[in-house]
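Please read the structure below before turning to the comments.
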Amino acid sequence: SSAASDVYKRQNFAAEQEIAGRVVAVNGQVDAIDSTGSSRQLRRRDPFYAGEIIVTQPAAFAQIRMTDSPIVSLKESTQFEILAYSYENPAQEDISTMRLIEGGFRTITGQIGGQDSDAYSIETEFATIGIRGTDHEGVLVSGVLFTGVYDGGTSLENNAGVLDLGIG
Numbered sequence: 193s194s195a196a197s198d199v200y201k202r203q204n205f206a207a208e209q210e211i212a213g214r215v216v217a218v219n220g221q222v223d224a225i226d227s228t229g230s231s232r233q234l235r236r237r238d239p240f241y242a243g244e245i246i247v248t249q250p251a252a253f254a255q256i257r258m259t260d261s262p263i264v265s266l267k268e269s270t271q272f273e274i275l276a277y278s279y280e281n282p283a284q285e286d287i288s289t290m291r292l293i294e295g296g297f298r299t300i301t302g303q304i305g306g307q308d309s310d311a312y313s314i315e316t317e318f319a320t321i322g323i324r325g326t327d328h329e330g331v332l333v334s335g336v337l338f339t340g341v342y343d344g345g346t347s348l349e350n351n352a353g354v355l356d357l358g359i360g
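Numbering (my numbering), first residue to last: 193 to 360.
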């Protein structure tokens with residue numbers, strides 16, 4: 193059947209993709225949308241992959257653990273895309289590039305950012321957020337980007353330049 197064939201193709205596609213992490217906790221409706229627009233509901237322990245957008249609905253939230261160990265908490269009404277993700281040992285090819293489309297997140301940097309801060313970034317429509325050993329968050333609401341730093345520092349970079357932020 194065509195439906196069974198589609199499921200098989202999706203499973204094969206997912207198997208070829210790099211697992212970026214797993215869901216640690218979920219409350220409410222949280223989905224992963226792949227590059228074909230196919231959506232699946234995420235539950236605790238489910239994997240997610242590079243190329244997927246994780247979407248939390250209103251009154252929902254999720255905690256996801258990336259394979260290099262950090263937990264990313266996604267606030268309600270958030271769209272958070274895993275653009276590129278690879279964690280290996282040795283670390284030459286490590287990369288963690290994510291994009292906050294809307295909503296908010298908080299995270300503490302994992303092994304990738306700890307070994308090479310240039311390998312880690314979170315993109316938004318206004319600026320790219322880089323890190324310096326960091327516990328940080330970003331919220332994108334009604335076309336305004338808010339960022340906060342709890343430990344370490346971040347740098348916001350766009351066409352206007354670079355803004356280094358830290359505690360205080």
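Idealized CB from N, CA, C, for every residue including glycine.
If you're wondering where the values come from, they're calculated on a predicted model, not measured in any experiment.
> Measuring CA to CA, which of GLU294, ALA252, ASP286 is closest to ILE245?
Replying inline: Taking the first residue of the sequence shown as 1, we reach residue 245 at position 53. If we check each option's Cα against that of ILE245, GLU294 comes out closest.
> The beta strand (DSSP E) with THR316 in it runs from where to where?
Replying inline: Counting from one through the sequence shown, the residue named residue 316 turns up at place 124. From DSSP, THR316 is part of no beta strand (DSSP E); its letter is neither H nor E.
> If you draw a straight line from the C-alpha of ASN351 to the C-alpha of TYR342, how long is it?
Replying inline: In the sequence shown, counting from the first residue as 1, residue 351 sits at position 159. In the sequence shown, counting from the first residue as 1, residue 342 sits at position 150. C-alpha separation (whole angstroms): 26 angstroms.
> Exposed or buried, which one is GLY358 when buried takes at least 16 other CB atoms within 10 Å?
Replying inline: Working through the sequence shown from its first residue, we reach residue 358 at position 166. Exposed, since its Cβ has fewer than 16 Cβ neighbours within 10 Å.
> In chain order, what residues of the same chain lie with their CB nearer than 8 angstroms to the CB of GLU268, ignoring the 5 residues before and after it?
Replying inline: Walking along the sequence shown from the start, residue 268 turns up at place 76. Contacts found: GLY220, THR248, GLN249, PRO250, ALA251, ALA252, PHE253, GLY295.
>> So for ASN350, helix, strand or coil by DSSP?
In response: Along the sequence shown, read from residue 1 onward, the residue named residue 350 stands at position 158. In this structure, ASN350 counts as strand in the three-state DSSP scheme.
> For PHE234, which residues does DSSP report across the bridge?
Replying inline: Sequence index remark: in the sequence shown, residue 234 carries index 42 (1-based). The displayed chain sequence assigns Leu, not Phe, to residue 234. Note: LEU234 sits in no beta bridge, so no partner.
> Excluding sequence positions up to five away, which residues of its chain have a Cβ less than 8 angstroms from the Cβ of GLU315?
Replying inline: Within the sequence shown, the letter at position 123 stands for residue 315. Same-chain partners within the cutoff: LEU275, THR289, MET290, ARG291, LEU292, ILE321.
> How long is the line joining the alpha carbons of GLU317 and SER265, rounded to whole angstroms?
Replying inline: Sequence index remark: in the sequence shown, residue 317 carries index 125 (1-based). Sequence index remark: in the sequence shown, residue 265 carries index 73 (1-based). Approximately 20 angstroms, taken between the alpha carbons.
>> For TYR241 and GLU210, which I take to be in contact (beta-carbon distance under 8 angstroms), what is that distance rounded to the nearest angstrom?
In response: On the sequence shown, residue 241 is found 49 positions in, with the first residue counted as 1. On the sequence shown, residue 210 is found 18 positions in, with the first residue counted as 1. With 8 angstroms as the limit, TYR241 and GLU210 qualify as a contact, their Cβ atoms being about 7 angstroms apart.
> Tell me which same chain residues have a C-beta within less than 6 angstroms of the C-beta of ALA217, skipping the five on either side of it?
Replying inline: Walking along the sequence shown from the start, residue 217 turns up at place 25. Answer for ALA217: GLN255, listed in chain order.
>> Just to confirm the assignment, what range does the beta strand (DSSP E) spanning GLN271 have?
In response: As a position in the sequence shown, residue 271 is number 79, starting the count at 1. Run containing GLN271: 270 to 278, per the beta strand (DSSP E) assignment.
>> For GLU329 and THR339, I'd like the C-alpha separation in whole angstroms.
In response: Here the question's residue 329 lines up with position 137 in the sequence shown. Here the question's residue 339 lines up with position 147 in the sequence shown. When rounded, the distance between both Cα atoms is 6 angstroms.
> How many whole angstroms separate the CB atoms of GLY213 and ASP226, which I take to be in contact at a CB cut-off of 8 angstroms?
Replying inline: Here residue 213 refers to the residue found at position 21 when the sequence shown is read from its first residue. Here residue 226 refers to the residue found at position 34 when the sequence shown is read from its first residue. Incorrect: roughly 15 angstroms between the Cβ atoms, too far for contact.
> For the ligand HEM, any of its heavy atoms closer than 6 angstroms to the Cβ of GLU329?
Replying inline: Because no ligand of any kind appears in the structure shown, any question about the ligand HEM cannot be addressed here.
> Who are the Cβ neighbours of ASP327 in its own chain at under 7 angstroms, not counting the five residues just before and after it?
Replying inline: Counting from 1 along the sequence shown, the entry for residue 327 is found at position 135. Only ILE300, TYR342, ASP343, GLY344 meet the Cβ criterion.
> Quick one: is SER231 buried, meaning 16 or more other Cβ sit within 10 Å of its Cβ, or exposed?
Replying inline: For this step, residue 231 is matched to residue 39 along the sequence shown. Exposed, by the Cβ-count rule.
>> As a quick exercise: from VAL333, ALA319, VAL336, pick the residue whose alpha carbon is nearest that of SER347.
In response: In the sequence shown, residue 347 corresponds to position 155, counting from 1. Looking at the Cα atoms, ALA319 is the closest of the given residues.
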